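At position 225 of the sequence shown the residue is numbered 225 (this note's numbering), and the sequence of numbers has no breaks.
Ideal Cβ placement from N, Cα and C applies to all residues, glycine included.
Here the structure is a predicted model, which is why all the values come from computation and not from measurement.
For reference, the structure discussed in these notes is given below.
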Amino acid sequence: MLSRQFILLAAVSIAIIWFALLGHRDLIDPDEGRYAEIPREMVASGDWLTPRLNGFKYFEKPALQYWVTALGFTLFGESNQSARLWPALIGFLGALWAGYLGLRLYGQTAGFYAFVITVSGLLYVGIGHMLSLDMALSVFTAIGVGSLALAQSRRTDPAWLRRWMLAGWAALALAMLTKGLIALVLPAGAVLIYSVWQRDWVLWKHLHIIKGLLLFLLIAAPWFIAVSLANPEFAQFFFIHEHFDRYTTDAHERVAPWWYFIAVFLAGVLPWTAVILQSLYRPLLHAGTPTASGFDAERFLLVFTLFVVVFFSLGQSKLASYILPVMPVVAVLAGRQLVVAGYRKADAWSLLLLAVVLLICAGQAARFASDVTPAEMFIAYRPWFLGASLLMTVAAMTGFRARPARPGHIAAIGVLVLLAFQLLMWGFQSLSGSRSSRELATAIQAHVPHGTVVYAVATYPQSLPFYLQHTIIQVIKKDEMEMGINLEPERWIATMDEFLQHWQQHDQAVAVIRTKNLDSYREQFGPVRTIYSGLRRTAFVKQ
Numbered sequence: 001m002l003s004r005q006f007i008l009l010a011a012v013s014i015a016i017i018w019f020a021l022l023g024h025r026d027l028i029d030p031d032e033g034r035y036a037e038i039p040r041e042m043v044a045s046g047d048w049l050t051p052r053l054n055g056f057k058y059f060e061k062p063a064l065q066y067w068v069t070a071l072g073f074t075l076f077g078e079s080n081q082s083a084r085l086w087p088a089l090i091g092f093l094g095a096l097w098a099g100y101l102g103l104r105l106y107g108q109t110a111g112f113y114a115f116v117i118t119v120s121g122l123l124y125v126g127i128g129h130m131l132s133l134d135m136a137l138s139v140f141t142a143i144g145v146g147s148l149a150l151a152q153s154r155r156t157d158p159a160w161l162r163r164w165m166l167a168g169w170a171a172l173a174l175a176m177l178t179k180g181l182i183a184l185v186l187p188a189g190a191v192l193i194y195s196v197w198q199r200d201w202v203l204w205k206h207l208h209i210i211k212g213l214l215l216f217l218l219i220a221a222p223w224f225i226a227v228s229l230a231n232p233e234f235a236q237f238f239f240i241h242e243h244f245d246r247y248t249t250d251a252h253e254r255v256a257p258w259w260y261f262i263a264v265f266l267a268g269v270l271p272w273t274a275v276i277l278q279s280l281y282r283p284l285l286h287a288g289t290p291t292a293s294g295f296d297a298e299r300f301l302l303v304f305t306l307f308v309v310v311f312f313s314l315g316q317s318k319l320a321s322y323i324l325p326v327m328p329v330v331a332v333l334a335g336r337q338l339v340v341a342g343y344r345k346a347d348a349w350s351l352l353l354l355a356v357v358l359l360i361c362a363g364q365a366a367r368f369a370s371d372v373t374p375a376e377m378f379i380a381y382r383p384w385f386l387g388a389s390l391l392m393t394v395a396a397m398t399g400f401r402a403r404p405a406r407p408g409h410i411a412a413i414g415v416l417v418l419l420a421f422q423l424l425m426w427g428f429q430s431l432s433g434s435r436s437s438r439e440l441a442t443a444i445q446a447h448v449p450h451g452t453v454v455y456a457v458a459t460y461p462q463s464l465p466f467y468l469q470h471t472i473i474q475v476i477k478k479d480e481m482e483m484g485i486n487l488e489p490e491r492w493i494a495t496m497d498e499f500l501q502h503w504q505q506h507d508q509a510v511a512v513i514r515t516k517n518l519d520s521y522r523e524q525f526g527p528v529r530t531i532y533s534g535l536r537r538t539a540f541v542k543q
């Protein structure tokens, strides 16, 4: 029995590290810039129905995260920290949920271990501190799946069953409002495969499908209906282009080999890979202990994990964050495994290997230099790698002493690893000059009044509008705003000749171009003054 003081101390320590320095890193292009700019434009325009990116309609994702981030901007101002607050907050809540689910299914110690494993896994920590939609989708999906497992574990209790099933349907509705139909596809696939494998046909009678679907629609449908009525083009683009086309074609240029997600999974669950693999292996070959109702939660969670990995492996579009929803789920299984079989020495060796890899990276930092990221930036990153390596080494030594597993050892490993990963995240600011548009925006703001027209010529720095606090005019390059530009072509400039006509009409304006195109374009601009010269982009102001 773990003491409340111990659990509270561990949770508070982890929370401090988890939320520390959220705003230290500049927003990285393209994703963080995009997902900060859309809610900024919501606040600026007052239109919280139709998402817009750089002024153009943007229907790739639903609106829930934009609303929450916009609310954060309204309450706390627009900054790196407030932009990342929602992914960090929902990520920490997801770890707490894993702990609660483990507690309910397998006991207090297993629940505590599930919390620690979730909050210190490589992929989970990384995505939890980046501005994207994947963390919210993953947590809401994990809550939906976990609620089903809790509900079915006590089918004989109608109130318990109804309460948790409706909670699960509500969570999936929020997942739908975060990223779309995948919120239904993943749990539905797991339920179908599990019921066939276990011949658990009774499961379908206890899903509260009618009540659940009504609740799901009550939460999710209003925005989809309203945005479709206001924008007739929404439904085709969102449901066909962004779902079926993305999954079945390589149009989004995210192609990877079939084994990609296996590799991502094995790396993403570090430093708990061995115990997690063991926790998946056991229910695959041996049935767990079904509840009195006949439901095997261990096998259901296993089916969900395998289905997610296989489903995305069969798709044509692949990103590491797609399998994030399995991380809290496998942490629950691993928490139980730690209680049953103890800590795996192989995981301590993996920590030591990580420490060595980080040490080598620190020593060879300059070798990672490129045309747009000079050696000096990587050398500045070196101390962060060294600090992370030291923490990993201490965690490995703790792991070698953690047989059998003791809560203090597991908590110490989790805290040390989380801090090591956070050092790497904080240190990434050393590379921000080549990965973010903040320095570019600062230079523009220092030389021209706010609101001065800014043209992005054959480039689109995603975080630039956010840092400038106003939209910019795109020239030649449509980027991912192609759909919105096609709807409002008058709001962009298609050719260099057309741009030069606009350029000549201004007394003062700014043009941003790729530095590699400097020689090709500069003579066409006429009298200009360079106000920013970076390795990726250069900015001129018209004189």
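Under a Cβ-count criterion, where at least 16 other Cβ atoms within 10 Å of its own Cβ denotes burial, should residue i be classed as buried or exposed?
i      : result
Phe312 : buried
Trp258 : exposed
Thr552 : Within the shown structure, residues of the chain are numbered from 1 to 543, placing residue 552 beyond reach of any answer.
Lys57  : buried
Arg529 : exposed
His208 : buried
Lys211 : exposed
Thr109 : buried
Lys205 : exposed
Ile1   : Rather than Ile, the amino acid found at residue 1 in this sequence is Met. Under this definition Met1 is an exposed residue.
Gly46  : exposed
Ile360 : exposed
Pro62  : buried
Asp507 : exposed
Pro187 : buried
Thr156 : exposed
Ser3   : exposed
Which residue or residues does DSSP assign as beta-bridge partners of residue i?
i      : result
Thr530 : Phe540
Phe140 : In the DSSP output, where bridge partners are listed per residue, Phe140 has none listed.
Ile473 : Tyr455
Ala511 : Tyr455 and Phe540
Leu53  : Phe56
Ile209 : Its beta-bridge partners do not exist; DSSP assigns none.
Ile493 : Val475
Cβ of residue i within 7 Å of Cβ of residue j?
i      : j      : result
Ile90  : Gln422 : no
Pro407 : Ala98  : no
Pro271 : Ser138 : no
Tyr532 : Ala443 : yes
Val303 : Ala190 : yes
Ala114 : Gly126 : no
Leu351 : Gly399 : yes
Ile28  : Arg401 : no
Phe437 : Pro461 : The sequence as given places Ser at residue 437; Phe does not occur at that position. In contact: Ser437 and Pro461 (Cβ atoms closer than 7 Å).
Ser279 : Ala348 : no
Phe295 : Ser153 : yes
Val185 : Gly414 : no
Gly144 : Leu172 : yes
Val65  : Gly23  : The sequence given here has Gln at residue 65, not Val. No, the pair does not count as a contact, with Cβ atoms beyond the cut-off.
Lys318 : Tyr260 : yes
Arg25  : Gln429 : yes
Ala170 : Ala183 : no
Thr178 : Leu213 : no
Trp86  : Thr74  : no
Leu123 : Gly342 : no
Val541 : Ala456 : no
Ala355 : Ser389 : yes
Give me, in chain order, the residues of the same chain whose beta-carbon lies closer than 7 Å to that of residue i; leave out the 5 immediate sequence neighbours on both sides.
i      : result
Ala441 : Leu464, Tyr467 and Leu468
His243 : Gly180 and Leu181
Ala15  : Phe92
Trp67  : Trp48
Quick one: residues in its chain with C-beta nearer than 6 Å to the C-beta of residue i, no 5 flanking neighbours on either side, listed in chain order?
i      : result
Leu518 : Thr538
Thr322 : For clarity, residue 322 is Tyr in the given sequence; the question names Thr instead. Excluding residues within five positions, the ones whose Cβ falls inside 6 Å are Phe312.
Leu391 : Leu416, Leu419 and Ala420
Thr305 : Val326, Val329 and Val330
Using a Cβ-Cβ cut-off of 8 Å (strictly less than) and excluding sequence neighbours within five positions of residue i, which residues of its own chain qualify?
i      : result
Leu53  : Arg34, Glu37, Ile38, Glu41, Glu480, Met481 and Gly484
Thr515 : Ser533, Gly534, Leu535, Arg536, Arg537 and Thr538
Thr248 : Gly315 and Gln316
Ala412 : Ala395 and Thr398
- Kindly provide the ranges of any beta strand (DSSP E) runs that are 3 or more residues long and lie completely inside the region 84 to 124, ordered along the chain. none
- Ranges of the alpha helix (DSSP H) found wholly within the region 407 to 452, counting only runs of at least 4: 407 to 427, 432 to 435 and 438 to 447
- Message: I'd like the ranges of any beta strand (DSSP E) spanning at least 3 consecutive residues and lying wholly in the region 357 to 391.
- Response: none
- Quick one: which unbroken alpha helix (DSSP H) runs of 4-plus residues sit fully inside the region 289 to 338? Chain order, please. 297 to 314
- Query: What are the uninterrupted segments assigned as alpha helix (DSSP H) that are 4 or more residues long and contained completely in the region 208 to 273, given in chain order?
  - Reply: 209 to 230 and 260 to 268
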